[in-house]
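Following: one structure in structure tokens, then a few remarks.
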Amino acid sequence: MKASIGESENHAVTDAIAVERTLAGDRDAYRVLVDRYSLYLYRLAFRMTGNSHEAEEVVQEAFLRAYQKLKQFAGNSNFGTWVYRITANYAIDRIRQRNLEETRQALPARLSNDGVEVDPVAWVQDPAASPERLAGSAELAAKIKQALDTLTPAERTAIVMRHWDGCAIEEIAAVLKSNSNATKNTVFRAVAKLRKALEPFAEFRNTARAMGTES
Amino acid sequence: MSHMTEEELIGYRDGETKERQRFASHLNGCQVCRREMERIEAVFAALDGIPVPDPGEDFARRVWQEISPRLPEKHAPWWHALLEPRRLAAVGAMAAIIVLAFLLGRFTKKNGPEEIADAGKVRERVLVVAVGDHLGRSEMVLMEFANTAPEKGQKLVNISAQQKRAEDLLEENRLYRQTAKREGDALMASTLDELEPILLDIANSPDEITPAQFEGIQKRIAAKGILLKVRVVHQDLRRRPGNTALPPAQSDVADSARNRT
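So the sequences go chain by chain: A and B.
The numbering used here puts the first residue of the first sequence at 38, with every later residue one more than the last.
The numbering used here puts the first residue of the second sequence at 144, with every later residue one more than the last.
Structure, rendered in structure tokens:
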């Protein structure tokens, strides 16, 4: 993980004391940890779920689960890293559940005329929205959000943990309950899908152009 | 070398390749691959453009309000309290002081000036460790008041947790204030003197108070600048030579204070 809020030595010491006091029956000591990590976990949860209300619920549930499992933690690693993993695990379960429900509800609409499932990336590449029409950055942001929504829960988790939080492949693999090679492939698939979904849009191409030699 | 695949480019960007040197020199000389890399970079740049909405300054407080009623009480086994590292440190420190006091009595002249000076140092050491812990916990209570704002439309603010802690701190505060005066530590004595009415105020408040009452306590904390004074004295204690042990747990603090009075 990048140098995050949970990494400083000072925090690690005070976190360990707060955990110890909580385990000794001082419930208020747990509040120190909630105060310290809520926002940090919210960012992760929002990027994974794409919804602020859902992200808030994910953070609450993650802290409840961490409290229940606090004995298992027992100072083996950094509390911030540990609760981050719990949040990612819960968020991925929740996205899977949500996708399952959405698929059940939307199944008839997602089939083409011959009954074959449409590639989700194609939903983003809406023919009605020509690349040149998408000029505003708000529109591009919406398209990126849509593109992220087409990723599988594992791909989305992998790209969020890797890109925004700088997690090592092994850390992502632990959350995905996978191995390093499979996780690298998941990251690769996520980037490739996003690229495929975004490249048709003018503003995205402009970004690429501004970054280098693209013409 | 033929052009790099998309997978190789992403692996290179992420530092997840063993052929870094070879890919780097290829990228230097191959415009096609560089363009591909720029397109991949643009994906990540686009991701960075997605804002995360601000959940509000009181987000952590909201999370706590939601979860705290659902947190079951944790009952530590009796041996856990004995083995708690902070308690062990405190017990160790006290044991060391007792041994030191015994050795001083055993090997120095009775009532000699050196013995009196050493005994004074021991007393000061105990005071530094115990008061440091007391000030740290007082600071937390004051900060919870200073950093909390009642929500709009909120009729009552629950301060039962802070009130209970203020009650515990109040008794200790009186003992430390008397000891500090006796030891001639004027700054500490005056700070503890000013802290006492604030703790009393919180301890004597009902479990739930109105936002106006809450703001009244906040104003009294701010008016006296007590939070800053507590921090300054606390920092000063930390810097005193020989203050290397962890502060003792609450019950040990009270015991050590009682032993001195």
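The beta carbon of each residue, even a glycine, is placed where N, CA and C say it ideally should be.
A straight line joining the alpha-carbon of residue 103(A) with that of residue 285(B) spans about 27 Å. Here the alpha carbon of residue 72(A) sits roughly 7 Å from the alpha carbon of residue 204(B). Runs of the alpha helix (DSSP H) spanning 4 or more residues and lying entirely within the stretch 90–124 of chain A occur at 107–110, in chain order. Here the alpha carbon of residue 362(B) sits roughly 27 Å from the alpha carbon of residue 67(A).
Inter-residue distance for residue 62(A) and residue 216(B) is about 7 Å (C-alpha atoms, whole angstroms).
Between residue 77(A) and residue 121(A), the alpha-carbon positions lie close to 8 Å from each other. Excluding sequence positions up to five before and after residue 377(B), its CB lies within less than 8 Å of the CB of 275, 278, 279 and 282, all in the same chain and listed in chain order. Shortest Cα-Cα distance from residue 188(B) to any of 188(A), 181(A) and 186(A) involves 181(A).
Of all residues in the stretch 93–113 of chain A, only 93, 96, 97, 100, 101 and 104 place a beta-carbon less than 7 Å from a beta-carbon of chain B. In the DSSP assignment, residue 300(B) is bridged to 352(B).
Under the three-state reduction of DSSP, residue 75(A) is assigned to helix. In chain B, no part has a C-beta under 7 Å from the C-beta of residue 117(A); the shortest such distance is about 14 Å.
For residue 236(A), the chain B residues whose Cβ falls inside 8 Å of its Cβ are 182, in order along the chain. Only residues of its own chain outside the window of five on either side were considered, and among them 288, 344 and 345 have a CB closer than 7 Å to the CB of residue 360(B), listed in chain order. Listed in chain order, the positions of the stretch 348–362 of chain B with a beta carbon within less than 7 Å of a beta carbon of chain A would be empty, since no residue qualifies.
Sorting 177(A), 95(A) and 75(A) by C-alpha distance to the C-alpha of residue 199(B) places 75(A) at the top. Sorting 70(A), 211(A), 125(A) and 203(A) by C-alpha distance to the C-alpha of residue 107(A) places 70(A) at the top.
Taking the C-beta atoms as reference points, residue 149(B) is found nearer than 7 Å to residue 229(A).
Cβ-Cβ distances below 8 Å link residue 176(B) to 146, 147, 152, 169 and 170 in the same chain, with the five nearest sequence neighbours on each side left out; the list follows chain order.
For the stretch 186–208 of chain A, the beta-carbon criterion of a distance under 8 Å to any beta-carbon of chain B is satisfied by 196, 199, 200, 201 and 206. With respect to residue 219(A), residue 209(A) sits apart: the two C-beta atoms are not nearer than 7 Å. Burial check for residue 99(A): the Cβ neighbour count within 10 Å reaches 16 or more, so the residue is buried.
Around residue 128(A), no beta-carbon contact reaches into chain B at under 9 Å, the shortest distance being about 14 Å. Minimum Cα-Cα distance from residue 126(A) among the listed residues 141(A), 212(A), 110(A) and 235(A) corresponds to 212(A).
By a beta-carbon distance limit of 8 Å, residue 198(A) does not contact residue 132(A). Their separation comes to about 13 Å. With 16 or more neighbouring CB atoms inside 10 Å of its own CB, residue 190(A) falls in the buried class.
Assigned with DSSP and collapsed to three states, residue 190(A) falls in helix. The closest CA to that of residue 118(A), considering only 225(A), 89(A) and 202(A), is found on 202(A). Between the beta-carbon of residue 223(A) and that of residue 176(A) there is about 28 Å, and that puts the pair past the 8 Å contact cut. Contact with chain B is found for residue 178(A), since one of that chain's Cβ atoms lies less than 7 Å from the residue's Cβ. Contacts with chain B at 7 Å (Cβ-Cβ) include residue 181(A). One thing to note: residue 316(B) has its Cβ within 7 Å of the Cβ of residue 335(B). When CB distances to chain B are screened at a threshold of 9 Å, the residues of the stretch 52–67 of chain A falling below it are 53, 54, 57, 58, 59, 60, 61, 62, 63, 64, 65 and 67, in chain order. Among the residues of chain B, those whose CB is under 8 Å from the CB of residue 76(A) are 198, 202 and 203, following chain order. Counting along the chain, residue 220(A) sits inside the alpha helix (DSSP H) bounded by residues 217–235. Close to residue 187(B), with beta-carbon spacing below 7 Å, are these residues of chain A in chain order: 200.
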